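The structure appears below as C-alpha cells.
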Amino acid sequence: QSALTQPPSASGSPGQSVTISCTGTSSDVGGYNYVSWYQQHPGKAPKLMIYEVSKRPSGVPDRFSGSKSGNTASLTVSGLQAEDEADYYCSSHAGSNNFVVFGGGTKLTAL
Amino acid sequence: EVQLVESGGGLVKPGGSLRLSCAASGFSFSSYSMNWVRQAPGKGLEWVSSISSGSSYIYYADSVKGRFTISRDNAKNSLYLQMNSLRAEDTAMYYCARSREGGTKVGMDVWGQGTTVTVSS
Chain S
16 QSALTQPPSA SGSPGQSVTI SCTGTSSDVG GYNYVSWYQQ HPGKAPKLMI
66 YEVSKRPSGV PDRFSGSKSG NTASLTVSGL QAEDEADYYC SSHAGSNNFV
116 VFGGGTKLTA L
Chain V
1192 EVQLVESGGG LVKPGGSLRL SCAASGFSFS SYSMNWVRQA PGKGLEWVSS
1242 ISSGSSYIYY ADSVKGRFTI SRDNAKNSLY LQMNSLRAED TAMYYCARSR
1292 EGGTKVGMDV WGQGTTVTVS S
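Protein chains in written order, with the working numbering: chain S, 16 to 126; chain V, 1192 to 1312.
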C-alpha cells in the first residue's frame, strides 16, 4: 500500500481538462510544500513535471499545473492531448524518517 | 548532454548480493544529491535511498534499511547501491535519479533508463 493515495485511473477527451488527486497526511503532503509530480510513458523513465507543488521545470508545457489544499495535492492537465496519455505519480517529502513517499500512480487516458 | 547510466543489475538468488552503479555525465555531479528509486514489475515507483552531495546525509526506505548501502565517488562521477540479503520483493527496475538544486525534497529532475534486478532461485 502506497503512502500517498491516487485514483488508479483518470480520463478525458482531447482538449478537456483533467485533474488527478494525491492525498496524504499532515506528515507529508500537508506538512511541506514539497510535492512533485512525475509522468511515465510505458517502458520509459519517469519525467519530472511539477515540483514544489506548482512549479514547472523548463520545457514542461504550461498545460500542466499543480496545487495543494490541506493534505491533498492535485495535478491538472488542461487541453488534454494524446501524448499526455501516461502514468502519473505524485511524491512528497515526509520528514527525516520516511524522507520521500510516492503515490500509487494514476493512468491517464485520452478518450 | 546530462546523462545517468545504470549498470550492475542481473539475476541473483535470495539472500545474495548485488552492487548497482550509476555513471553521471554532463553536469557537476559533486554538486547534487542523488537517489535510487525502484519499480517492481507492473507496480508504482518506490523511493529507495538518497545521499547528499558530500555524502554527509544518507536516507533509506524502511523496506531496505540495514540491507542496502548507498554511496558515491565524486571523483569518478559515480553513484552506487550495495544490496545485500536480497529478497524476492526486491525484484524491480532500479533507477538512478538526480535531485534538483535544493535537495531531493524539491524533486528529481534527471533519471537514468534503469537496470533490472531479479531475485529468484
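Ideal Cβ placement from N, Cα and C applies to all residues, glycine included. Given the structure is predicted, the values throughout are model-derived calculations rather than measurements.
query                                                                                                                            : result
Listed by chain order, chain S residues near Glu-1292 (chain V) by CB distance under 9 Å                                         : What Glu-1292 (chain V) touches in chain S: nothing, since even the nearest Cβ is about 11 Å away.
Per-residue DSSP class, three states only, for Gly-27 (chain S)                                                                  : strand
Short Cβ contact (8 Å threshold) for Thr-124 (chain S) with Ser-24 (chain S)                                                     : yes
Three-way DSSP call (helix, strand, coil) for Val-75 (chain S) in this model                                                     : coil
Nearest residue (CA-CA) to Tyr-1248 (chain V), options V:Pro-1205, V:Tyr-1223, V:Gly-1199, V:Arg-1258                            : V:Tyr-1223
Contact list for Ser-51 (chain S) against chain V, beta-carbon separation under 7 Å                                              : Gly-1298
Separation of Glu-1280 (chain V) from Arg-71 (chain S), as counted between CA atoms                                              : 34 Å
Chain-ordered chain S contacts of Trp-1227 (chain V) [CB-CB under 7 Å]                                                           : None at all; the shortest Cβ gap to chain S is about 11 Å.
Per-residue DSSP class, three states only, for Phe-1220 (chain V)                                                                : helix
Inter-residue spacing [alpha-carbon to alpha-carbon] between Lys-1256 (chain V) and Pro-29 (chain S)                             : 44 Å
Cutoff 6 Å; reference Leu-157 (chain S); Cβ partners in own chain excluding five residues on either side                         : Absent from the model: residue 157 (chain S). The displayed extent of chain S is 16 to 126, so no value can be given.
Close-in-space but distant-in-sequence residues of the same chain around Asp-1300 (chain V) (CB under 7 Å, 5 per side omitted)   : Arg-1289, Arg-1291
Distance, Gln-31 (chain S) Cα to Gln-1230 (chain V) Cα                                                                           : 30 Å
Validate contact between the stretch 1266-1275 of chain V and the stretch 95-107 of chain S using beta carbons, cut 8 Å, 3 pairs : no
Extent of the continuous beta strand (DSSP E) run through Lys-62 (chain S)                                                       : 62-65
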